[in-house]
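Inspection log for the structure reproduced underneath, given as structure tokens.
Protein chains in written order, with our numbering: chain A, 1144 to 1251; chain B, 142 to 497.
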């Protein structure tokens, strides 16, 4: 292989058709609120654990919807279940219950 | 939707293209990248179609590369362009046609700026007079050279010696058409079919019996991008765009790509080599890649020009498999011979992409 001094940037295209969304469908059946999230980021902004770790519920839900769970599920181990995100969520999603359901279905 | 309704909508996307009497300006980079294209264009227009196309050795660059690289201020670029227009007026022409898509985008931008800001136009007239003692004449009509070939596509088809048909199967060749971004994405009304339905190259393919391929990233930029390729460290962005397009078109098995921009054919051609050397991945049949052509080269092949007179030996991706499919005869020994029959230097062969 020749080193040209530059290289390909991996494509950020997400192939939803190829993604395995069976676990997300299972989650939605148990927690219909999972598709109510509008990714406003209030949960991440108010998260106490997020200041010290990389936990970000907005990102977790977005990635689950796209079938990219491998990258984000370990984040939820940092959640303290304090419930601040539940208080600030403008969609009224029971985030604490949602996180517990994600842990159960995705076997974290 | 009723047929008449479609016709009415489509008529809004058409572009009026005068028949004759054009002032032609060449492209800086096309003369280096694809030197046979402009010669073939002028020969087709003057000798095959018998039209009046005038060019002068006094015209210069439009300043586009330096302007887009932020090395040249806008007023300087406008004064350069005003000088080009002045040359057109001095030779008695009103229709201005350029070979380069970057220039075409810049000319439309400048004319629109002058229409919107007459004070700016007056200032540029003054600059032009002070620097060159010339009077600005604005063109009555501005076209890109691909518009001309599009206009005469059926006349070219009537004189065709070869068509875009696979002689082994009898099926139309599967052709990807790629429009330069500065053709109609900036000023949609200035391009045939606008930004939504650009038809300038698809019309040629239809007339010359090929099959246009529609694929997901059809309107994606080739990745040329002045700021991307000028700096070596940024060239990965340029190549990634091309890679995205090739990944998208690959399942549709195109036989060839036709473009109307200086940068698109160059980068879509050369990046296939770099992608092959970096990743081992090749596109097209049997590891030869997908050949990329300018519209003049394709028009020349259709009209029966010798492939080596069109400069096809300067392509990175081998064109011979496509020439075989079209039934075009060529002499392999003449590929690297200059005009006087003297053998030019042979290029080094790449490792991963096959060449003939």
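Every residue, glycine too, gets a C-beta built ideally from N, C-alpha and C.
As the structure is a prediction and not an experimental result, all values here were calculated from the model.
Residue 443 (chain B) is not a Cβ neighbour of residue 453 (chain B), given a cutoff of 9 Å.
DSSP places residue 164 (chain B) in the strand class (E or B) of the three-state scheme. Under the three-state reduction of DSSP output, residue 323 (chain B) falls in the helix class. The C-beta distance from residue 243 (chain B) to residue 403 (chain B) rounds to 7 Å, short enough to meet the 8 Å contact threshold. Note that the C-beta distance between residue 1182 (chain A) and residue 1231 (chain A) is not below 9 Å.
Assigned with DSSP and collapsed to three states, residue 484 (chain B) falls in strand. For the C-beta of residue 1152 (chain A), the chain B residues within less than 7 Å are, from N- to C-terminus, 377, 378 and 381. Residue 1251 (chain A) sits close to residue 1220 (chain A), with the two beta carbons spaced by under 9 Å. Nearest CB-CB separation between residue 1159 (chain A) and chain B: not below the 9 Å threshold. Note: residue 402 (chain B) is not bridge-paired with any residue in the DSSP secondary-structure output. Interface flag for residue 436 (chain B) against chain A is unset, since no Cβ pair is found closer than 9 Å. Nearest to residue 1152 (chain A) by C-alpha distance, out of B:416, B:425, B:466 and B:479, is B:416. Among the residues of chain B, those whose CB is under 8 Å from the CB of residue 1147 (chain A) are 376, 415, 418 and 419, following chain order. Taking one beta carbon from each stretch, the segment 350–369 of chain B and the segment 382–390 of chain B have 3 or more pairs nearer than 8 Å; the two touch. When Cβ pairs closer than 8 Å are counted between the two stretches, the segment 247–265 of chain B is seen to touch the segment 320–332 of chain B, the count reaching three or more. Excluding sequence positions up to five before and after residue 379 (chain B), its CB lies within less than 8 Å of the CB of 364, 365, 366, 369, 370, 408 and 412, all in the same chain and listed in chain order.
At the C-beta level, residue 1228 (chain A) and residue 1187 (chain A) come within 9 Å of one another. Among the residues of the segment 472–497 of chain B, none has a Cβ less than 7 Å away from any Cβ of chain A. Contact between the segment 196–211 of chain B and the segment 311–319 of chain B is absent: fewer than three C-beta pairs spanning the two stretches fall below 8 Å. The beta carbon of residue 335 (chain B) sits closer than 7 Å to those of 154, 325 and 329, all from its chain and outside the five residues before and after it, given in chain order.
Under the Cβ criterion (8 Å, minimum of three pairs), the segment 1238–1249 of chain A does not count as touching the segment 264–276 of chain B.
For residue 384 (chain B), the chain A residues whose C-beta falls within less than 9 Å of its own C-beta are 1151, 1152 and 1154, listed in chain order.
According to the DSSP assignment, residue 285 (chain B) belongs to the beta strand (DSSP E) that extends over 282–285.
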